[in-house]
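Only one structure is covered here, and it is reproduced in the block below.
Protein chains in written order, with full-length UniProt numbering: chain F, 1 to 466; chain H, 1 to 1016.
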């Protein structure tokens, strides 16, 4: 009936014709309301997994690293695999909040809060592994360049592990500050609504005295921009440095110059996959269907396709170069015929299947825009990326330079327990977050609401329900 | 003039009116206030202001303080000498020359003692002593907590005077009754003990002495006795040999007491311009076979025929024999033997007198100068016939008294049941041993003897050398030497030491000084050449042919490198020493060829944790069954033969962990054994240290070349320098470097040099390293899952199916898809008869070490003297260094290996801990450790030279491994000293460094292995 044709330039980012108040109500609902049964079930499972992990970690620290499946020739396996995996997962947060902010991608607003939360929680898990994988974790603080009375002892600035310490701690602190900055107006909103004095006090503390003055907003915008500028290099640096743990070493398969870009792409790939997984669940559980739309899912899938493509090309070039060298030492790197046909063939083919084959389905638009398919593919990528790190670490170490040192690795229940424990810990944090934090940056989302003309358009179209 | 200065004791004194001062002046011995004065007063007490809260505070504080004090670590008291023994300076090692002669291993050794404790055994090189792994490990057996700690009569503790009184009384009684008194001993080779037994025979009637070797060389002794009239073993001057043909003799192992490796290596020294040709015919893959230039696989039965065929080929005679698959090789061997003339020698290990006679006949025909019948060996003296008749007599109850010494027949006799039955029929049974072993648990008098490190003794290992054993520590337990007891029983009051000194002076040494002999550990004595009778080869061959039997599986029993005849089965170092060939430890197993294994469906699948499994077999020999023998497939095992090592399956006087393997003595009937095998299908878990048996096409790791190529070929071809591309041109790898070099111009710069030609793979360096560096033992399970702690290991590689012929071409030409097959071919050892090469690997002490850059806390760093150093107490245990070590020599302390009941080995035991080297830290859990190039030894050398105010001599520096190496394969020195051997060797055309293309600039240099491949 419309006499006026409106060109569909873009799909709307928020569905359901929400008013500002609707958004507020949607976001505060889980915080002000009571948790449902599903939340308690999920939380209990996560807590049990977490406690089991704590038990396994204490057992490891109390008895020795020997309770893991490592041996003299494979000094790292699940520990560093999990470390890199979690760091990788932690990558999407900064990318979404910083890089997309600089590029003014408004669609990030629906997902950035949770992506950043995921980042921070994932980095917690990641940070755990370098500490507990040490033979003497109680001396772990020796890796910090703090003045000490041990004589002239100082850290070794040549060691990529030390760079890791700096990279991860910088990343964690910048991410945390960035996240918190974004949270301030939202916390203030909850504070203003809170009726219970205790709750009010807590949120008042968390919101750092946000008053909502124009000056507050101006500073907020400025700080966000500055932090985005600071955080953007971190997107590249963290996984670059993590990759240098391998790239600067001399093991065939690790000693590879393409590792930094390849790892960064892989990290974004896995980070976005994890965001897909988490938001796929949250969207349903926290009734965020209006905010996390097919468009968001599609955009994220496109990022996954691009980074997944980079990763696939990296695999191919690793495979080719290993073969092309003609060096017998390169016959068994994680991307080689030796690996594909060797005892770790199953891990090799899992990687190919989950990381290369399955994500190709995203070329189909229907799949790309399907919530359930995206969810399934994101799970596959999470698994695939875990295998990537496992392959790089375990396969390479299992076939060192000297054939006499070739061996294999089998995880023990403690290896598994620690990994499961970190997943549990992650979800404990995430579930608590979902109940206490504004899971969507509502203040920002409100800025992209079409407020001015929408009401009159509806009047015109005779849909006036007021 | 009087001083008017006033000295005051307290400020109070300055107050002239102080009542306290006044009262103190009055009352010099002031009594304190009686407690009653304030506690007895109820009112004061009640008015005191300690509230409930204060009380709780005090309780809390004191409890906290008390528990904090309790947190202090356990106090271990160390007590200084009140009167310091003159020769002991704490921190300075003393060395004593001594000799080990336990009936199986004989060697001139030096014993290193620290603060009165022997902690290390090294060969006495002046006495031409060589030590094998067991001799090196014997120092730990001294501290074995399961040694018998005092005499026992019928299982009850007794005193020595009681024991000697009762035994003397009984002996006199038995002697009067005319019943037999028998000594059953292992090989003694001790002139003074022989003399004592002779004196004993004078006092008592009807005494006989039966010598019994658990692993017998009776056949060779019989043969030698028949020809030369003396019960001894011929010696071999292998250093001069041009051609050595061995038929079934593992002469680099324990054959006839061993000790030939040094001479063998001397005879294969390209620098000295000589290199013998060694052809080995054998069924099992022995250490000797692994070192041979050519190895021919023959069944035991075929070996007998091959020996006769060799005789025929050399002499042109036609003794009765049979054809064997090795005849072509025998013909070639004969040609080479004849060509070598009197520098040729034939050695056989066939346990048959006739075979030994034929071997002697061949050597005589060749007028071999290598066969040495002058300086004969006394390392084996057992007589199988006498032992057999003794057992018969025992069983028949015809023996009055049996005294065993240094032997464990209940464990080692195939007919142990008969022996045991006989023991119960014997009036007096006395056993001397260090352990309450299988035999000592059966005799009436179980008498503990000291270890050789606590005892006096004399040994004649070879005819021309008289060696002495001297105590290096006060006996740890209530032990007495066998000889002391003999003196007591013969009514003499002198101690064995006095007897020995007098005996040596009067009977052996002539004019030579006792003190000097004791100091040196040996003295040379005159020998006379033995004249041989003629040998009846025809009859010998006939008899040999008649005796040779064949069957489904021919079993060859052999002594394992680690445990030998089992005397040190409770020694965790030896249990954890991997077999040089199979690299399995903590086990014995049935060795079987791939073809037979396929037939009987035996496999050795690799598990996901990198461990190897196998199946149990039940083997039956002569109706005797051994159950649960795990089968390990041995490439190069002759088809239709099986091998099983002695030394395992002991049940008495050893810790639970050491009760591994099966007792092969149960089927040791002598001669060729015919066995049948049943696969039970049950699973066995092996502890094997090497999973990949071939070098997988990476031939630059272990370089090998033929003698001809070495002499005439171009070194660049057989020892190519690694090259890298720089500006599109190939340049030597060392010309490109990311690193700044350390300044090496001053001080020492240590280098290890390892000659792969002379390394026999014997493993004595591995044990020496354990002893010197307090390397922990981790047990079977941990070895199985790849967590052994060896700082020094000896890699073993078989040639692969892919190495042969055109396979190298195949790799290059294969398409990607076929490449997988080529890989498999390269990974699979040649099944029929692969060659073997050994490569000792320890920390390579890279000048540009990959481990050093990656440690976040700089716990591993570079030393001024070339070592890559490890600061244990700085290590946080990230294991990054181990991952980045291309040689994989770093070892991580996965658990706490000391004072931990989970690892109940020598470090969990107050006696076992006495072996620890005080110069080396015992590492804690969670830290990385590795070869230090024995920095404690090099520093000690430097300090000693400094104290003595002199320059360090050429080749003065040693490490544990270099001092233990019998063949001189491992050499250590300072390349800043141009006179050190290693300085020259570093530039040798054979020299290469492991994985040099990485650019690590190692301080360990290998010398290309050379084999004499000349067929003509």
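Note that the Cβ used here is the ideal one computed from N, Cα and C, for glycine as well.
A quick note: this is a predicted structure, and the numbers were derived from the prediction, not measured.
| said: For residue 115/H, which residues in the same chain have their Cβ closer than 6 Å to its Cβ, ignoring the five residues on either side in sequence? | reply: So the list reads 90, once near-sequence residues are dropped.
| query | What residues from chain F crowd round residue 692/H, counting only those whose CB sits closer than 7 Å? | reply | Near residue 692/H (Cβ distances below 7 Å), the residues of chain F are 403, 404 and 406.
| task | Let me know if residue 26/H comes out buried or exposed under the rule of 16 or more other beta-carbons within 10 Å of its beta-carbon. | result | Residue 26/H is exposed by the Cβ-count criterion.
| task | Determine the direct distance from the alpha carbon of residue 437/F to that of residue 34/F, and round the result to whole angstroms. | result | If I take the Cα positions, the gap works out to 14 Å.
| Straight-line gap, residue 2/F to residue 12/F (C-alpha atoms, nearest Å) | Interpretation of residue 2/F is limited by its pLDDT of 46, a score under 50 that renders its predicted location unreliable; the figure taken from the coordinates is listed afterwards. When rounded, the distance between both Cα atoms is 19 Å.
| task | Give the single residue among 264/H, 403/H and 762/H whose Cα lies nearest to the Cα of residue 370/H. | result | The residue among 264/H, 403/H and 762/H with its C-alpha nearest the C-alpha of residue 370/H is 264/H.
| field | C-alpha gap between residue 95/H and residue 466/H, whole angstroms | value | Here the alpha carbon of residue 95/H sits roughly 19 Å from the alpha carbon of residue 466/H.
| task | Could you name each continuous alpha helix (DSSP H) segment of 4 residues or more that falls completely within the segment 97–151 of chain F, going from the start of the chain to the end? | result | For secondary structure counted as the alpha helix (DSSP H) over 4 or more consecutive residues, the segment 97–151 of chain F holds these complete runs in sequence order: 112–132.
| Where residue 427/H falls: helix, strand or coil (DSSP) | DSSP places residue 427/H outside both helix and strand once states are collapsed to three, so it counts as coil.
| message | Cutting at 6 Å between CB atoms, please list the residues of its own chain near residue 649/H, excluding the five before and the five after it. | response | So the list reads 661, 662 and 663, once near-sequence residues are dropped.
| field | Alpha carbon of residue 225/F to alpha carbon of residue 101/F, nearest angstrom | value | Approximately 8 Å between the Cα atoms of the pair.
| request: Could you check the C-alpha separation between residue 414/F and residue 70/F for me, to the nearest Å? | output: One C-alpha to the other measures close to 11 Å.
| task | Name the residue from 19/F, 135/F, 165/F and 209/F whose alpha carbon lies nearest to the alpha carbon of residue 238/F. | result | Residue 165/F is the option with its Cα nearest to residue 238/F.
| said: Quick check on the burial criterion: 16 or more other C-beta atoms within 10 angstroms. Buried or exposed for residue 1006/H? | reply: Buried is the call here.
| field | Listed by chain order, chain F residues near residue 608/H by CB distance under 7 Å | value | Residues of chain F whose Cβ lies closer than 7 Å to the Cβ of residue 608/H are, in chain order, 408 and 410.
| field | Straight-line Cα distance separating residue 798/H from residue 825/H | value | Computed Cα separation, rounded: 12 Å.
| said: Classify residue 909/H: buried if its beta carbon has 16 or more other beta carbons within 10 angstroms, exposed otherwise. | reply: Buried.
| said: I'd like to know if residue 807/H contacts chain F, where contact means its C-beta is closer than 9 Å to some C-beta of that chain. | reply: Note that residue 807/H scores 47 on pLDDT, short of 50, meaning its location in the model is unreliable; the coordinates nonetheless yield the value given after this. For residue 807/H, the answer is no, since every Cβ of chain F falls outside 9 Å of its Cβ.
| query | When burial is assigned at 16 or more other CB atoms within 10 Å of the CB, is residue 197/F buried or exposed? | reply | By the 10 Å Cβ count, residue 197/F comes out exposed.
| message | Which residues of the segment 227–256 of chain F have a Cβ closer than 8 Å to any Cβ of chain H? Give them in chain order. | response | The segment 227–256 of chain F vs chain H, Cβ under 8 Å: 245, 248, 249, 250 and 251.
| Going by beta carbon distance, what residues of the same chain come within less than 6 Å of residue 581/H, once the five residues before and after it are set aside? | Result list for residue 581/H: 285, in chain order.
| task | Just the chain H side, please: which residues come within less than 7 Å of residue 331/F by C-beta, in chain order? | result | Neighbours of residue 331/F on chain H, chain order: 823.
| query | Of the residues 170/H, 746/H, 841/H and 773/H, which one's Cα is nearest the Cα of residue 430/H? | reply | When each option's Cα is compared against that of residue 430/H, the closest is 170/H.
| As assigned by DSSP and simplified to three states, the class of residue 615/H | Residue 615/H falls in the strand class under three-state DSSP.
| message | Taking the alpha-carbon of residue 855/H as reference, which of 160/F, 333/F, 256/F and 342/F has the nearest alpha-carbon? | response | The option with the nearest alpha carbon to residue 855/H is 160/F.
| request: Provide the residue span of the alpha helix (DSSP H) that contains residue 62/H, from first to last. | output: Note, residue 62/H: alpha helix (DSSP H), 52–70.
| Within the chosen definition, does the segment 412–426 of chain F reach the segment 49–56 of chain F through at least 3 CB pairs nearer than 8 Å? | With the cut-off at 8 Å, the segment 412–426 of chain F and the segment 49–56 of chain F touch.
| field | Classification of residue 585/H by the beta-carbon crowding that lies within 10 angstroms, buried from 16 upward | value | Buried.
| query | What does DSSP give as the partner residues of residue 679/H in its beta bridges? | reply | For residue 679/H, DSSP records a beta bridge to 617/H.
| said: Judging by CA-CA distance, which residue of 364/F, 264/F and 250/F is the nearest neighbour of residue 467/F? | reply: This structure gives no information on residue 467/F, because the portion of chain F shown stretches from 1 to 466.
| query | Who are the Cβ neighbours of residue 468/F in its own chain at under 7 Å, not counting the five residues just before and after it? | reply | This structure does not reach residue 468/F, given that chain F is present from 1 up to 466, and the question cannot be answered.
| request: From the DSSP output, in three-state form, read off residue 750/H for me. | output: In this structure, DSSP gives residue 750/H an extended state, which the three-state scheme calls strand.
| Opposing strand residues paired with residue 881/H [DSSP bridges] | None; residue 881/H has no bridge partner.
| residue 147/F at chain H interface by Cβ criterion, 9 Å | Chain H, which has no Cβ nearer than 9 Å to the Cβ of residue 147/F, makes this no.
| message | Residues in the same chain with beta-carbon distance under 7 Å from residue 235/H, minus the five sequence neighbours each way, listed in chain order, please. | response | Result list for residue 235/H: 372, 375, 376, 377 and 462, in chain order.
| Who are the neighbours of residue 160/F on chain H, taking C-beta pairs under 9 Å? | Near residue 160/F (Cβ distances below 9 Å), the residues of chain H are 853, 854, 856 and 880.
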